[in-house]
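Novice: Residues 1207 to 1456, numbered by this note's numbering, are exactly what the sequence shown covers, in order. All C-beta atoms, glycine included, are put in the ideal place defined by N, C-alpha and C. Below is the structure I would like to discuss, written out as structure tokens.
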Amino acid sequence: MAKLGSLFSEDLSVEKYYGQRHRLWSRFDEGIWMTERGWSEVTPEKLSQANASLHSILKKRDCVLDIFCGCGGDTIQLAQVYNKVIAVDSDPEAIKAARKNAEVYNVGDRVLFLCTDYRELKPEEIVVDAIHCSPPWGGELYTGAPSFHIDSLLGLTLGTTFAELFGFLTKFSKNISLFFPRSTLVYSLVPRGFVGDFSICRHYANEKCKGITAVWGDLVDSSSYKAPSAPQYFIKDKITHRREKRTRSS
1207 MAKLGSLFSE DLSVEKYYGQ RHRLWSRFDE GIWMTERGWS EVTPEKLSQA
1257 NASLHSILKK RDCVLDIFCG CGGDTIQLAQ VYNKVIAVDS DPEAIKAARK
1307 NAEVYNVGDR VLFLCTDYRE LKPEEIVVDA IHCSPPWGGE LYTGAPSFHI
1357 DSLLGLTLGT TFAELFGFLT KFSKNISLFF PRSTLVYSLV PRGFVGDFSI
1407 CRHYANEKCK GITAVWGDLV DSSSYKAPSA PQYFIKDKIT HRREKRTRSS
């Protein structure tokens, strides 16, 4: 059930996440709403900002589709880059929380929320410039694993494969960003049968990888590539990128 985030203060099931509440939301104390599941799935705000910034290279940024929006962390930051965000989630309680959170961040008028299964979306009815997708990873299912193949979790949480999910997304746009947990096996991020360039961004804070974002289409920015041996500098609590160019030809 969605409720004011501060009401989870005594909930032992989200205790470790509640302690990080101000990293998840800088405006947490201004009336952020959460669901129990949302605590383990919401993208920390600085990571959401970093993901949204990857979209700033697009020349046309009228509308973006945010699939699996959850409580709205990514949606809110995408609304800083695009004129409009279509935010989709099948959980009505998550949508309820996301609506309230968008108002807290003053972007409510730029977001259209749809409570539906993503598979019900039709490309002929939705015109967007890009897609952002942060699939549900199952919280505790992956946090204890040293590494995992993406298909393993998608099979458990969505009953699909990465190739199937990616194929569905490409029906709406070639410009795609997908956010993954840091322990994802990188080789599993290439959809079977994919041909072309893509880019992998590893997000670091305090010299520790906090997540991985893969991008395709015009989001692949060749000017941002750095050689693997390039020196990296880290500032406490600031998310920095290490971006790698990859090509899949077969």
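Mind checking which residues open and close the beta strand (DSSP E) that includes W1245?
Specialist: That residue, W1245, is in no beta strand (DSSP E); its alpha helix (DSSP H) goes G1244 to E1247.
Novice: Can you give me the C-alpha to C-alpha distance between T1419 and S1215, rounded to a whole angstrom?
Specialist: Distance between the alpha carbons of T1419 and S1215 is about 31 angstroms.
Novice: Using the rule of at least 16 other Cβ atoms within 10 Å of the residue's Cβ for burial, across every protein chain shown, is S1429 buried or exposed?
Specialist: Per-residue confidence for S1429 stands at a pLDDT of 45, beneath the threshold of 50, marking its modelled position as unreliable; the derived number appears in the next sentence. Counting Cβ neighbours within 10 Å, S1429 comes out exposed, since fewer than 16 surround it.
Novice: Taking buried to mean at least 16 other C-beta atoms within 10 Å of its own C-beta, is A1433 buried or exposed?
Specialist: Because A1433 carries a pLDDT of 36, less than 50, the predicted location of this residue cannot be relied on, and the following value inherits that uncertainty. Per the 10 Å Cβ criterion, exposed.
Novice: Using 8 angstroms as the Cβ pair cut-off and three pairs as the minimum, do the segment 1214-1231 and the segment 1285-1303 touch?
Specialist: Result no; under three Cβ-Cβ pairs closer than 8 angstroms.
Novice: Who are the Cβ neighbours of N1381 in its own chain at under 6 angstroms, not counting the five residues just before and after it?
Specialist: Excluding residues within five positions, the ones whose Cβ falls inside 6 angstroms are A1336, G1423, D1424 and L1425.
Novice: Among D1427, F1234 and H1338, which has the Cα closest to the Cα of A1308?
Specialist: That would be F1234, whose Cα lies nearest to the Cα of A1308.
Novice: For G1279, which option in S1405, C1269, A1304 and V1291 has the closest C-alpha, if you only look at C-alpha atoms?
Specialist: With distances taken between Cα atoms, G1279 lies closest to A1304.
Novice: How many Å lie between K1328 and G1399 at the Cα?
Specialist: Distance between the alpha carbons of K1328 and G1399: 23 angstroms.
Novice: What are the uninterrupted segments assigned as beta strand (DSSP E) that are 3 or more residues long and contained completely in the segment 1296-1355, given in chain order?
Specialist: Fully enclosed beta strand (DSSP E) runs of 3 or longer: 1317-1321 and 1336-1339.
Novice: May I have the straight-line CA-CA distance separating L1264 from G1276, to the nearest angstrom?
Specialist: So the two alpha carbons sit approximately 25 angstroms from each other.
Novice: Is it a yes or a no for the segment 1305-1324 touching the segment 1249-1261, going by three-plus beta-carbon pairs under 8 angstroms?
Specialist: With a cut-off of 8 angstroms, the segment 1249-1261 and the segment 1305-1324 do not count as touching, because too few Cβ pairs lie within range.
Novice: From V1333 to V1287, what does the alpha carbon distance come to, in whole angstroms?
Specialist: Rounded to the nearest angstrom, the two C-alpha atoms are 17 angstroms apart.
Novice: Which term fits N1257, buried or exposed, when burial requires 16 or more other beta carbons within 10 angstroms of its beta carbon?
Specialist: Label assigned to N1257: buried.
Novice: On the CB-based measure, 16 or more other CB atoms within 10 Å of its CB, does V1401 come out buried or exposed?
Specialist: When all chains shown are included, V1401 counts as exposed.
Novice: Check G1276 in the structure and name its three-state DSSP category.
Specialist: Of the three classes helix, strand and coil, the one that applies to G1276 here is coil, per DSSP.
Novice: Could you tell me how far apart the beta carbons of D1272 and V1291 are, in whole angstroms, since I believe they sit closer than 8 angstroms?
Specialist: Correct: roughly 6 angstroms between the Cβ atoms.
Novice: Based on Cα-Cα distance, which residue from E1413, V1396 and V1421 lies nearest to C1407?
Specialist: When each option's Cα is compared against that of C1407, the closest is V1421.
Novice: Return the CA-CA distance between F1378 and K1266, expressed in angstroms with no decimal places.
Specialist: Taking the straight line joining both Cα atoms gives about 15 angstroms.
Novice: Below 9 angstroms between beta carbons: does that hold for L1210 and W1231?
Specialist: No. Outside cutoff.
Novice: Going by other Cβ atoms of all chains shown within 10 Å of its Cβ, with 16 needed for buried, is S1405 buried or exposed?
Specialist: Label assigned to S1405: buried.
Novice: Express the C-alpha separation of I1356 and V1392 in angstroms, rounding to a whole number.
Specialist: Those two C-alpha atoms are separated by around 9 angstroms.
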